[in-house]
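Residue numbers (full-length UniProt numbering): 1 to 180.
By construction, the Cβ of each residue, glycine as well, lies at the ideal position given by its N, Cα and C atoms.
Below you'll find the structure, written out as structure tokens, and then a few comments.
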Amino acid sequence: MSRIGKLPIAVPSGVDVAIDESLVTVKGPKGTLSHTIAAPITVAKGEDGILEVQRPDDERNSRSLHGLTRTLINNMVVGVTEGYEKKLEIVGVGYRVLPKGPTQLEFQLGYSHPIIFDAPEGITFTVEGPTKLGVVGIDKQLVGETAAKIRKLRKPEPYKGKGVRYAGEHIRRKVGKAGK
Numbered sequence: 001m002s003r004i005g006k007l008p009i010a011v012p013s014g015v016d017v018a019i020d021e022s023l024v025t026v027k028g029p030k031g032t033l034s035h036t037i038a039a040p041i042t043v044a045k046g047e048d049g050i051l052e053v054q055r056p057d058d059e060r061n062s063r064s065l066h067g068l069t070r071t072l073i074n075n076m077v078v079g080v081t082e083g084y085e086k087k088l089e090i091v092g093v094g095y096r097v098l099p100k101g102p103t104q105l106e107f108q109l110g111y112s113h114p115i116i117f118d119a120p121e122g123i124t125f126t127v128e129g130p131t132k133l134g135v136v137g138i139d140k141q142l143v144g145e146t147a148a149k150i151r152k153l154r155k156p157e158p159y160k161g162k163g164v165r166y167a168g169e170h171i172r173r174k175v176g177k178a179g180k
């Protein structure tokens, strides 16, 4: 049995979960998220606001989808109550970020031109300084994907460590060429 799939999902007060055949919609104080559940998996609403994810058999496909579905639904519940945030740091002389509103950023990353980055729907940015920023939203997958796209604008290089990195990310450094 899937250790993660058999865990119940506690739904806090203020969160409304609607199950319509294979569509699960979670509505909370921060917004609404929905997910379509794959074929063999079912979701049942129990007493005391607890959701149970069940699988019909022990086929390989059912087992693999069991834990995944439970985690995705739990991430939706956490997203509409607390939200998600990914923090990024910019390292390098002259590298910086400027806010152009809550959904637009302007980066100076050593290129000949500034880079304007627009947020997708449901994502906002927090800029704590010229070298620190955060990606905030209720959809965990979208927050991570947006942070990865920002990091991709100038990945950290291994010789000096310059570039955009996640907060707390360790970059493996290389030794430069040996001088005479």
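{"Check": "Is Gly28 buried or exposed, if buried means 16 or more other CB atoms sit within 10 Å of its CB?", "Outcome": "buried"}
{"Check": "DSSP beta-bridge partners for His66?", "Outcome": "Answer is none; His66 lacks a bridge partner."}
{"Check": "To the nearest angstrom, how far is the alpha carbon of Lys160 from that of Gln54?", "Outcome": "50 Å"}
{"Check": "Do you know offhand how far Thr36's Cα is from Leu23's?", "Outcome": "4 Å"}
{"Check": "Count the C-beta pairs between the stretch 137-148 and the stretch 79-95 that are closer than 8 Å, then say yes if the count reaches three, no if not.", "Outcome": "yes"}
{"Check": "Nearest to Val43 by CA position, among Asn74, Gly79, Val78 and Asn61, is which residue?", "Outcome": "Asn74"}
{"Check": "So, using beta-carbon positions, are Val97 and Val26 closer together than 8 Å?", "Outcome": "no"}
{"Check": "The alpha helix (DSSP H) with Ile145 in it runs from where to where?", "Outcome": "Reading the sequence as shown, one finds Glu at residue 145 and not Ile. Taken as a continuous stretch (DSSP letters only), the alpha helix (DSSP H) holding Glu145 covers Lys140 to Lys152."}
{"Check": "Can you pull the DSSP bridge partners for Thr25?", "Outcome": "Ala18 and Ser34"}
{"Check": "How about Arg70 and Ile9: are their beta carbons less than 8 Å apart?", "Outcome": "yes"}
{"Check": "Closest to Lys6 by CA distance: which of Ala178, Val17, Ser62 and Ser13 is it?", "Outcome": "Ser62"}
{"Check": "On a CA-only basis, which of Glu157, Gly163, Val15 and Pro158 is nearest residue 236? Give me that one, please.", "Outcome": "One cannot answer for residue 236 here, as it falls past the ends of the chain, which runs 1 to 180."}
{"Check": "Spell out a yes or no on whether the stretch 123-141 and the stretch 92-108 are touching, meaning 3 or more CB-CB pairs, one atom from each, closer than 8 Å.", "Outcome": "yes"}
{"Check": "My guess is that Leu109 and Arg154 are in contact by the Cβ rule of under 8 Å, so how many angstroms apart are they, rounded?", "Outcome": "4 Å"}
{"Check": "Could you give the first and the last residue of the continuous beta strand (DSSP E) run that contains Thr131?", "Outcome": "No beta strand (DSSP E) holds Thr131; DSSP gives it neither H nor E."}
{"Check": "Helix, strand or coil for Ile50? Go by DSSP, reduced to three states.", "Outcome": "strand"}
{"Check": "Apart from the five residues on each side of it in sequence, which residues of its chain come closer than 8 Å, Cβ to Cβ, to Pro56?", "Outcome": "Pro40, Thr42 and Ser62"}
{"Check": "Looking only at its own chain, which residues have a Cβ that is under 7 Å from the Cβ of Tyr111, when we skip the five neighbours before and after it?", "Outcome": "none"}
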